[in-house]
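Residue numbers (this note's numbering), protein chains in the order written: chain F, 1 to 111; chain Y, 112 to 233; chain S, 234 to 961.
No residue lacks a Cβ here, since even glycine has one placed at the ideal position from N, Cα and C.
Presented below is the structure to which this report refers.
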């Protein structure tokens, strides 16, 4: 079993952070195709960073791994995702995200 | 945390009234008298939630201000609203090309100003 | 805008006008100096922009064409020749005058109108060179003819004012009609660079109505190919709104050219038509997700379309979900539109009249049934039976129209509970159940007061303070529950609290003290609780301002009785009290007991009838003195209705006593004969009978005879007075 790269992001993940986060994820993917992102401290997840997470999940999938979420999803963050249709119901446990996010790449074994 | 808005207009009357309306609503404001002044106030700010700028101003006009502001990575994605009158369709396009987020048409009421600000400020 | 900035503007404008004068004089010397032209334009522009905001609309309108002409000079379409500069200078002076006047209502002066006309002419020439051949109407007009010029200038300028204003000035649709829109939203790749927050736009859209958004995420590439500052997501959105298509466009007003936006109004199929269930396949084709041929193949399979399409990778799960959402939303709108069309407002007198007519019809039908029975004509009997069914349906239907849900009455109590509990220092949560239960409108209105009374009582005497509750091991917050449910031709409304319940001993003691019962009297639990509804009973230690208004629960009982209802109390000490009110669905129909006195018929409301017993003449004469008879080991006062209503003729040998229970007192009513149960529609009494004591209405029997409806409560009161008089 490969090691999982764990990343912890916090605060408002707005567009200003998108490039930086993309860089961090790239680095992590270079180390392992298994990514785990802890979003407990994330107060806002805006579209650009969400796209980066999708992209990282696609890359991980290509490398035979996957991207999963960890921790709790804050209410405000969940609400924002719900309004724009990224999640369909209120979730508090972040690992539910991969099931909710439309067409989010999940690892082959899991599905 | 109160939202920070930079208000740039060479007309003190307009500037003060915008500031007054925004302060009433709980926004915190910084004033600048023209594009040049706006730019230095911008550089001095750690964070801004929105910039409202007039177009026709001495020293540096609003369009140039927007272009320069967008060059600063800190304000690359900051919402910038342009104060304009209806006669300036061309200016509006220029503003958009420079990177403006939206516009407020003069004359405007307090409600309208706030409606537009709320549209772009999170 | 704001008066306090008016002076700031005035000072600023004075400065600008002084500056403008200098600039114009310089311009006269150097008519093509661009710097100069720009500075002049800026000054005029600032005046115009601010004037409107600080209450100088007139200046703003006047300066409009001044600015336009300046702009032409600035862009070299015009040369600022002597004539033009003269006009500019004159304009500047007019603005200065108008600023000093500060009178919005004053008309434009003659000079102002002339200058407006001249500017207009210049502008017209620039914008439509053909106008140089045909002189513009403005130029034709002599300056000495101001009225037409006023109209022209005024109207055009006014129109100009409101023209390309942003979003909010667009006309709202005339009618608030629910419409369903399918929206495809694809932000341009570089949209983030304009400072636009895309999710914020989607959120703004969601505020217009009921919205379901389905993001298309297929275009997000892998990390290596991703530009983190580009936008890759698009949305399929279904929005149901009453605000019209323009309000949707307005959301995107700042990004019109930075996004791809498709808005389609979806046809909401007519109610009931099967077209309401738009096929999933149709939606997928309309959205351009699936091709018709591919769909045909998929449909050949016997399995669910969605599954097949996903399996064959023709659609993604997200695309399928979006299409399914559209399908369900359409169905919802269809239902809502049907609802809104189906409900109309009607004056309640019209409904009363309808119910009245139905009552007559019921009566007439009964006569028909009677007659056809007598004639023994089978075909007539068949018609009569059919009519009976129809009439019954019609009656139920007419009654149901007057029915209203009790929810709105419940809602009114939220405030009562909130205010009262805080006043009493209690923490009480109001729960309601069965808010959709319907009751006749008039019944609902008359229920209000009794309910308020019961609720006040529960809050004041039933529920404890948070401290007391904690001490009793209960959650500090008390619960008061209102519920309503149907039970046959009645509605049962219960008001229950989880307070300390009633103290049987205290009630008993109080009742003895008040002389309501004898000291040694043993009562069933039910009877004991009913004591609280007796006049003169109050367990409250003092008359508090809250639960009293100086009256006890007897008022509640009297009101409920008057409605033909009944009250029942259950209470467990320490755990709370429940009061059940059983109320007839409607006042227009009563279940009655039909009785006869001589040749006259009377109806006694069945809900209060307890028993019927025989009364022989001798027994009556024996006991006549006190008008009291033995009943279940008790002395029962009784009234001879024949006497009460002064019915002529002699009483028969054997008569019936109907024992009724009114306001917790039993009373006998002597009648000649009890005919039986009878459901009837009550008609109000005619003017002649309206003031007759002891009657509350009339009804017409099957054979056309009128039966009068007896009002026990009134009879009981006058009887009590009579007894009192006799005793005294």
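- Rounded to the nearest angstrom, the gap between the Cα atoms of residue 114/Y and residue 137/Y is 8 Å.
- With 16 or more neighbouring CB atoms inside 10 Å of its own CB, residue 194/Y falls in the buried class.
- The three-state secondary structure of residue 845/S, taken from DSSP, is strand.
- Using a Cβ-Cβ cut-off of 7 Å, residue 16/F is close to 188 of chain Y, given in chain order.
- Residues of chain F whose Cβ lies closer than 7 Å to the Cβ of residue 425/S are, in chain order, 15, 48.
- Between residue 445/S and residue 418/S, the CB-CB gap reaches or exceeds 9 Å.
- Among the residues of the stretch 82 to 104 of chain F, those with a Cβ less than 7 Å away from any Cβ of chain S are 83, 84, 85, 86, 102, 103, in the order of the chain.
- A direct Cα-Cα distance of roughly 22 Å separates residue 92/F from residue 433/S.
- Taking the beta carbon of residue 6/F as reference, no residue of chain S falls within 9 Å; the closest one sits roughly 17 Å away.
- Using beta-carbon distances, residue 76/F does not count as an interface residue toward chain Y, since no partner is under 9 Å.
- When the five nearest sequence neighbours on each side are left out, the beta carbons in the same chain lying within less than 6 Å of the beta carbon of residue 613/S are those of 605, in order along the chain.
- The CB of residue 176/Y never comes closer than 9 Å to any CB in chain S; the least such distance is about 14 Å.
- Contacts with chain S (Cβ-Cβ distance below 9 Å) from the stretch 205 to 222 of chain Y involve 207, 210, 211, 212, 213, 214, 215, 216, 217, 218, 219, 220, 221, 222, listed in chain order.
- Counted as a single uninterrupted DSSP element, the alpha helix (DSSP H) harbouring residue 301/S occupies residues 290 to 307.
- Using a Cβ-Cβ cut-off of 8 Å, residue 169/Y is close to 272, 275 of chain S, given in chain order.
- Around the Cβ of residue 730/S, a 10 Å sphere holds 16 or more other Cβ atoms; the residue is buried.
- In this structure, residue 556/S lies near residue 513/S, with their beta-carbon atoms less than 9 Å apart.
- Residues 471, 497, 499, 559 of the same chain have their beta carbon placed closer than 7 Å to that of residue 415/S, with the five preceding and five following residues left out of the count.
- Checking the DSSP bridge columns, you'll see residue 35/F partnered with 5/F, 67/F.
- The three-state secondary structure of residue 467/S, taken from DSSP, is strand.
- Neighbours of residue 633/S across chain Y, judged by C-beta separation under 9 Å, do not exist; the nearest C-beta is about 46 Å away.
- With its beta carbon less than 9 Å from one in chain S, residue 230/Y belongs to the interface.
- Here DSSP, grouped into helix, strand and coil, assigns residue 215/Y to strand.
- Of all alpha-carbon atoms in 711/S, 462/S, 878/S, the one lying nearest the alpha-carbon of residue 51/F is that of 462/S.
- For residue 185/Y, the nearest beta carbon of chain F is closer than 9 Å to its own beta carbon.
- The DSSP assignment places no complete run of the alpha helix (DSSP H) inside the stretch 618 to 642 of chain S (cut-off: 4 residues).
- Listed by position along chain F, the residues whose Cβ is nearer than 9 Å to that of residue 550/S are 102, 103.
- Contacts between residue 26/F and chain S, judged by CB atoms closer than 9 Å, involve 456, 457 in chain order.
- Using a CB distance below 7 Å, no part of the stretch 450 to 479 of chain S faces chain Y.
- The C-beta of residue 445/S comes closer than 9 Å to at least one C-beta of chain F.
- Within the DSSP bridge table, the entry for residue 441/S names no partner.
- According to the DSSP assignment, residue 902/S belongs to the beta strand (DSSP E) that extends over 898 to 904.
- For residue 262/S, the closest alpha carbon among the candidates 317/S, 656/S, 628/S, 304/S is that of 317/S.
- In the DSSP annotation of this structure, the continuous segment of the alpha helix (DSSP H) that includes residue 240/S starts and ends at 239 to 262.
- Annotated three-state conformation of residue 101/F is coil, per DSSP.
- When Cβ-Cβ separations below 9 Å define contact, residue 191/Y makes contact with chain S.
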